[in-house]
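Contents: one structure, followed by commentary.
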Amino acid sequence: MVISPKVIMVSGGVLNIMLCLAHFQWVIHAADQDPLQDFCVADLDSMQVTLNGFPCKPSNDVNSTSFASTLLRLPMGENMALGSAVNLANAMTFPALNTQGLSIARTDFRPRGLVPPHAHPRASEILFVTRGTLLVGFVSTSRQLFMQVLREGDLFVFPRALPHFQFNVDEHLPALSISSFNSQNPGVYELAASLLSTQPLLPIQVLQIALGIHDQQELDRLISNAP
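FYI, the UniProt record's numbering numbers position 50 of the sequence shown as 50, with every residue one higher than the one before it.
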């Protein structure tokens with residue numbers, strides 16, 4: 001399949017958002033801490049406050065089923081506007097991952113479905129395509145775009161905290177991918193929402209200068225359409 005340069009149409013405002021946020025130097029202080037015991041199945045009902053991870057369930061309350069999950073059998077509810085559905089298993093949804101420094105996600109794509117530019121501040125990601133054809137890419141802090149077409153069985157790495165996207169280029173067939181993260185809670189923020197959907201809204205003058213958009217109607221359109 002030949003991917004036309006017209007596969008993804010990015011407005012000047014959205015492209016500026018990616019470049020603006022990619023310019024920042026993301027500082028990562030530490031990865032998840034190493035476990036100090038065989039396992040620590042999270043006690044999500046505990047009121048205890050911890051700095052990293054959740055308190056452990058008493059070992060007597062842990063059994064084989066504690067380490068199994070059916071969470072990824074089915075897709076999560078679809079983002080109808082974007083045509084994608086991300087289902088994440090992390091320490092909060094699969095307590096056995098607590099202290100293990102791992103999480104995993106299933107992403108389902110409709111034809112032409114998109115996971116928009118986003119970043120994970122606490123984790124690197126490795127993506128495995130199990131069905132379909134995806135166009136994926138990330139932007140480095142020097143504003144260089146690394147982009148690749150992936151097919152079934154292919155892998156791609158998104159370095160920690162760098163903005164990236166996934167797009168199903170097929171107009172007729174769905175796609176499916178599995179992503180693994182080296183954190184029990186990788187975190188996520190969408191780039192457009194991080195600038196255009198803050199509470200309260202960033203000052204208009206700041207957005208105009210940062211995005212290079214001085215047409216108020218165009219800026220209002222971006223804000224109203226932001227996730």
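Every residue gets a Cβ at the ideal spot worked out from N, C-alpha and C, and that includes glycine.
With a contact defined as Cβ atoms closer than 8 Å, A123 and P186 qualify at about 3 Å. Secondary structure of S69 (DSSP, three-state): coil. In this structure, V41 is the residue among L74, V41, E78 with its C-alpha nearest to the C-alpha of N60. Of the other Cβ atoms in all chains shown, fewer than 16 fall within 10 Å of the Cβ of P203; this residue is therefore exposed. The beta carbons of A192 and P227 sit closer together than 8 Å.
With 16 or more neighbouring CB atoms inside 10 Å of its own CB, Q184 falls in the buried class.
The residues D108, T130, R131, in chain order, have a CB closer than 6 Å to that of L176 in the same chain once the five nearest residues on each side in sequence are set aside. A residue is called buried once 16 or more other Cβ atoms fall within 10 Å of its Cβ, and E171, having fewer, is exposed.
Excluding residues up to 5 positions away in sequence, L127, V136, Q148, L150 lie with their Cβ nearer than 7 Å to the Cβ of F156 in the same chain. Unbroken alpha helix (DSSP H) runs of no fewer than 4 residues, entirely contained in the segment 51-117, are not found. In the structure shown, Q166 adopts extended strand secondary structure according to DSSP, grouped into three states. Put simply, the backbone Cα of S194 is about 23 Å away from that of I104.
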